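Novice:
2 protein chains.
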Amino acid sequence: MEQYMFILNIALILISTKIFGLIFKRFHMPQVVGALLAGLILGPAVLGVLHEDDFISQVSSLGVIVLMFSAGLETDIKEFKKTGKASAIIALLGVIVPLIGGYLLTALIIPPTQGDSSQLTFLKQMFIGVILTATSVSITVETLKEMGKLNTRAGNAILGAAIIDDILGIVALTIISSFADPNVDMLVVFLKILGFFAFSGGAGFVCYKLFSMYMDRYKKDYRRFVILAFTFCLLMAWMSEVVFGVADITGAYIAGLILSNTSRREYLGMRFDTLSYMLLSPIFFASIGLKVELPAMSATIIIFAVLLAIIAVITKMIGCGLGAKLCGFTNKESLQVGAGMISRGEVALIVADKGLSMGLMDKDLFAPIVIVVVVTTIVAPVILKFVFADKNNKNKGKQPKPEPVYETPEQMGESII
Amino acid sequence: MEQYMFILNIALILISTKIFGLIFKRFHMPQVVGALLAGLILGPAVLGVLHEDDFISQVSSLGVIVLMFSAGLETDIKEFKKTGKASAIIALLGVIVPLIGGYLLTALIIPPTQGDSSQLTFLKQMFIGVILTATSVSITVETLKEMGKLNTRAGNAILGAAIIDDILGIVALTIISSFADPNVDMLVVFLKILGFFAFSGGAGFVCYKLFSMYMDRYKKDYRRFVILAFTFCLLMAWMSEVVFGVADITGAYIAGLILSNTSRREYLGMRFDTLSYMLLSPIFFASIGLKVELPAMSATIIIFAVLLAIIAVITKMIGCGLGAKLCGFTNKESLQVGAGMISRGEVALIVADKGLSMGLMDKDLFAPIVIVVVVTTIVAPVILKFVFADKNNKNKGKQPKPEPVYETPEQMGESII
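Those sequence lines, one after another, are chains B and C.
At position 49 of the first sequence (counting the first as 1) the number is 257 in our numbering, and the numbers step up by one without a gap.
At position 47 of the second sequence (counting the first as 1) the number is 255 in our numbering, and the numbers step up by one without a gap.
1) Suppose you measure from the CA of B:L476 to the CA of B:S468; what does that come to, to the nearest Å?
2) Is C:R431 helix, strand or coil when you go by DSSP?
3) Run the CB neighbour count on C:N539, radius 10 Å, all protein chains shown included, and call it buried at 16 or more, exposed below.
4) Please report the Cβ distance between B:T351 and B:L534, rounded to the nearest whole angstrom; I am assuming they are in contact, meaning their Cβ atoms lie under 8 Å.
5) Considering Cα atoms alone, identify which of B:T283, B:L258, B:G247, B:Q211 is closest to B:T470.
6) Can you tell me whether C:Q327 is buried or exposed? The criterion is at least 16 other CB atoms within 10 Å of its CB, across all chains shown.
7) With a cut-off of 8 Å, does the C-beta of C:R361 fall near any C-beta of chain B?
8) Can you confirm whether the segment 256-264 of chain C touches the segment 328-340 of chain C when touching is taken to mean that 3 or more C-beta pairs between the two stretches lie within less than 8 Å?
9) What three-state label does DSSP hand C:E501 in the structure shown?
10) So is C:Q234 in contact with chain B if we call contact Cβ pairs under 8 Å?
11) Tell me whether B:N539 sits in a helix, a strand or coil according to DSSP, three-state version.
12) Give me the chain B residues within the contact set of C:M486, using Cβ-Cβ distance strictly less than 9 Å, ordered along the chain.
13) Does the CB of B:N603 have a neighbour CB from chain C at under 8 Å?
14) Tell me which same chain residues have a C-beta within less than 7 Å of the C-beta of C:F387, skipping the five on either side of it?
15) Checking contacts by CB at 8 Å: is B:L216 closer than that to chain C?
16) Could you list the residues in the segment 446-464 of chain C with a C-beta less than 8 Å from some C-beta on chain B, going in chain order?
17) For C:K604 and C:E354, I'd like the C-alpha separation in whole angstroms.
18) What are the boundary residues of the alpha helix (DSSP H) that includes C:L628?
19) Which whole runs of the alpha helix (DSSP H) in the segment 254-320 of chain B are 4 residues long or more, in chain order?
20) Please tell me whether B:G548 and B:I366 are closer than 8 Å, where the distance is taken between their beta carbons.
21) What three-state label does DSSP hand C:V595 in the structure shown?
22) If you draw a straight line from the C-alpha of B:A315 to the C-alpha of B:G271, how long is it?
23) Should the segment 572-584 of chain C be regarded as contacting the segment 503-511 of chain C, the criterion being three or more beta carbon pairs within less than 8 Å?
24) What do you reckon, are the CB atoms on C:G459 and C:E474 nearer than 8 Å?
25) Taking the alpha carbon of C:F493 as the reference point, which residue from C:H236, C:M423, C:A246 has its own alpha carbon closest?
26) Please report how far the alpha carbon of C:P589 lies from the alpha carbon of B:I375, in whole angstroms.
27) Would you mind giving the Cβ-Cβ distance between B:Y461 and B:G280, rounded to the nearest angstrom? I have them listed as a contact below 8 Å.
28) Let me check understanding here. Comparing Cα to Cα, which of C:Y430, C:L395, C:I579 lies closest to C:A504?
29) Have a look at B:P238, B:L312, B:C528 and flag the residue whose alpha-carbon is nearest the alpha-carbon of B:F594.
30) Could you list which residues in chain B have their beta carbon closer than 8 Å to that of C:F263, in chain order?
31) Can you confirm whether C:K357, when its beta carbon is compared against all beta carbons of chain B, has any partner nearer than 8 Å?
32) How should B:S385 be labelled, buried or exposed, when 16 other C-beta atoms within 10 angstroms of its C-beta is the threshold for buried?
33) At 7 Å on the CB atoms, spell out the chain C contacts of B:K427, in chain order.
34) How is B:I452 classed by DSSP in three states: helix, strand or coil?
35) Going by beta carbon distance, what residues of the same chain come within less than 7 Å of C:D481, once the five residues before and after it are set aside?
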């Protein structure tokens, strides 16, 4: 019996995320909010009929990798390069402002733990700031895809800033860890990051050339390209995480970016979309909700959690929005960029987890972090919906998403495996 | 590190099954044989770089469910009904002949275990026969799909016979178990089987009507039908296995059969094919090879294994072929049906496993069963390729598989989730 439970669990996740997604769509909200809520309701926070297990967690890792790979595939690489400098400034301010905000709030509200040295107290307060620097754009990507706005100037700036944010997050975590743990070698971490960029550039160039040659030479059975691309995506994700210490989704995104210029980009995008919506994405989005489990909290901690969530939303919007504005984006675009960086997702939880194990965070502050993740994740797509709405557009009143026209007759030639 | 290994494993499986598949295709053999060999070579039997873990085994369970669901979708239900009686006779003879063959070979070659009563010795000899009655048509389905021959008279007869074979296998296992274990209640098992058919009929009728109504009423976003169909497939698979004690793949096949008459059958088939070839099928086929692990064997056991594999192939071909011939199939079709039922796949391993735990099989006979599974699984698609070849056909010399023309422009309207 037990060994077949996962089949029932998948069925439950698929149907509930779809139903909730459709309900939210009916009210002109992103379907992904519905999917997140479905997980929250099924999970330990509300009904408790579903719990995250190894299978769900591995499938969702795969899901977010495929999601970011698809985002890379859809990116217009010329536009992406154009927004490069802006992305760096957006990411930098998007790290500094939440870092300060998180530090100040913690220093003001949370009394120092008895027995901590003043240096450790300071590090702990800073660590909450470090957690707030994290960004998880997977929700943003899904929301913008759904609205057909991923390939806009703001969309590209968000994706670029997310990569740099990931790097800056690693740097911040490394710096603060090196104070607490003498084994953390900053030099090694920096060399690895440099190595990652050198490797991505090299692998990118070689693989792009090889893929292009093969695709131009062979025009019959496209399935092999899908499998090759998927293998490339998985290898890049794995290398990033395990070899270079950079997030797997950053590697997956770069893999997609590398293939976005090949002739089979649309065919690939379509196939990965199918894989995503049929199985991987629903499980990934539901799993975020499933992670939420709230212990009993003291009044101080509850107040802290609420304020931290507000600070988390505001500081990212201000930091990233300011960065975009400084780089010549319009007010509306700056708002869009700020909104796109709000979601903390699983990244903040991973950082918090590391903090717990290094003694840089007290256990009772974990629940507030969970609340921040939930609030930012659910609020982000809602805000995105508003700031990306086409007010003065001819499409007013219509569904904002144009139907994707991916499939042309010449893309159909394929065998069954 | 450890937690990211599964990403590397998936990459390894995808690329190796594709490369081996293409090599076999080059030599006009089914790609699925290459995929099986890829697993065998990567696994403990040869290189030992990959082992079956929970993730791989769960994804492959899902893979075979989706495969059988797709086969159901592709089945022409009118043709299927026509071959109903024939399927029953094919399945019956395909159970009786291997049962006798397995029993006789064991009685002749394997000396009785010391201390066993003569009744237990007889049961053990019969049990090897029961194992040989198993049929796993997933490999056949994939091979015939690849060749474009799934929807032939022989293809339909094979699918029908496989369902009945599954039921007869349960009956045989129940009868022999009831001799060894007084807790096994034959009446309950029979009632469950009856319940399964009643339930399938009822659920089938209701769900077919509901799906048809919804599909006719709603013509914009087809993704919801894909998710609904997948949920239905998973629920049927789970119910079959857990509630009625029938194989999950039988339930999945029937779910596909129920939806095969709806207006969105082709759209559904195309989506499930994509999900299948991008992730689930490669992992499923590789996992069969990964299971193979051969311990040291005595000379008697090796001889027994070789003879058992030969008997397994011959008795299924004779039994099922004879059944088909009796029902008015041509000689060639009878051969095709016989070849389609050869593969024992995972079903034989599951039955053998139950035998071990009930004391109806000795441990040293497990390796021969593994060899039978490997041999029949690899031999089946090769034989199928020959017996389904179009000798007097206009297509002579051409690739036998026509390009599937699934995607018409009107099927393209869909949103992103």
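The beta carbon of each residue, even a glycine, is placed where N, CA and C say it ideally should be.
Note that this is a predicted model, so its numbers are computed, not measured.
Specialist: Straight from the coordinates:
1) 9 Å
2) helix
3) exposed
4) That pair is no contact at about 25 Å.
5) B:T283
6) exposed
7) no
8) no
9) coil
10) A quick correction: the sequence has Arg, not Gln, at residue 234 of chain C. Not one chain B Cβ lies under 8 Å of C:R234.
11) helix
12) R431, V434, I435, F438, R479, F480, T482, L483
13) Caution applies to B:N603, whose pLDDT of 44 falls short of 50 and renders its modelled position unreliable; the model cannot decide the point.
14) L331
15) yes
16) W446, E449, V450, D456
17) Its pLDDT being 41, under 50, C:K604 is placed unreliably in this model, and the value from its coordinates should be taken loosely. In a straight line, the C-alpha of C:K604 is about 17 Å away from that of C:E354.
18) Lying outside 209 to 625, the shown extent of chain C, residue 628 of chain C is not represented and no answer is given.
19) 262-282, 285-290, 292-317
20) yes
21) helix
22) 37 Å
23) yes
24) no
25) C:A246
26) 50 Å
27) 4 Å
28) C:I579
29) B:P238
30) D262, F263, Q266
31) no
32) buried
33) Simply none; closest approach about 12 Å.
34) It should be pointed out that residue 452 of chain B corresponds to Phe in this sequence rather than to Ile. Note: B:F452 maps to coil in three-state DSSP.
35) S278
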